[in-house]
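Sequential numbering of the sequence shown, starting at -4, is according to my numbering.
Don't be surprised by glycine CBs; every beta carbon is placed ideally from N, CA and C.
Keep in mind that this is a model prediction, so the values were computed, not measured.
A quick write-up on the structure given underneath.
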Amino acid sequence: MTEHADSIELTLVPVTGTDRAALDRLTRSLEHELLGLRIESLRRREHEPGLGDMRDERVGTREFVVRGLLSGSGVRKIVALVQSWLRRNNQESVILRLGADSVEITGSPTRKAHQLLKDFYRRYDEA
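Have a look at this one:
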């Protein structure tokens, strides 16, 4: 098992062309669903695009810091929730960070992305 972190960070990466109002709506939607899990706390952070991001026409990303549910099964629950949310909302991806480790979650993972998730789970499964 990899070194234990005290929180999970999630970064919502919206599809290109998402405006600020839509991103705010998506953020509230994902936040509401995450709060449905048995977590200790959820904190939201907003990041506006930097100068290098202006050509992407993105309105920024949204970050969540989740405390609790840090076991292997908890990580799986968060990934399953995020994948379902991404599919329903036609969004690009969410990056999950646990300590120094990270994995990109998509609504319809490719075979390679599925393998990356399996490897990520293996590192955090309870022994």
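- Task: Could you tell me if leucine 30 is buried or exposed, where buried requires 16 or more neighbouring beta carbons within 10 angstroms of its beta carbon?
- Result: exposed
- C-alpha gap between threonine 101 and leucine 18, whole angstroms: 17 Å
- Task: Taking leucine 25 as part of the alpha helix (DSSP H), name the residues at either end of that continuous run.
- Result: 15 to 30
- Cβ distance (whole Å) where glycine 63 is taken to contact glutamate 35 below 8 Å: 4 Å
- Residue range of the beta strand (DSSP E) that includes arginine 117: Not the beta strand (DSSP E): arginine 117 falls in the alpha helix (DSSP H), residues 106 to 119.
- Query: Given a threshold of 16 other Cβ atoms within 10 Å of its Cβ, counted over all protein chains shown, does threonine 105 qualify as buried or as exposed?
  - Reply: With a 10 Å radius around the Cβ and a threshold of 16 neighbouring Cβ atoms, threonine 105 comes out exposed.
- With burial defined as no fewer than 16 other Cβ atoms inside 10 Å of the residue's Cβ, what is the status of arginine 57: buried or exposed? buried
- Task: Go ahead and pull the three-state DSSP assignment for arginine 33.
- Result: In the structure shown, arginine 33 falls within a coil segment according to DSSP collapsed to helix, strand and coil.
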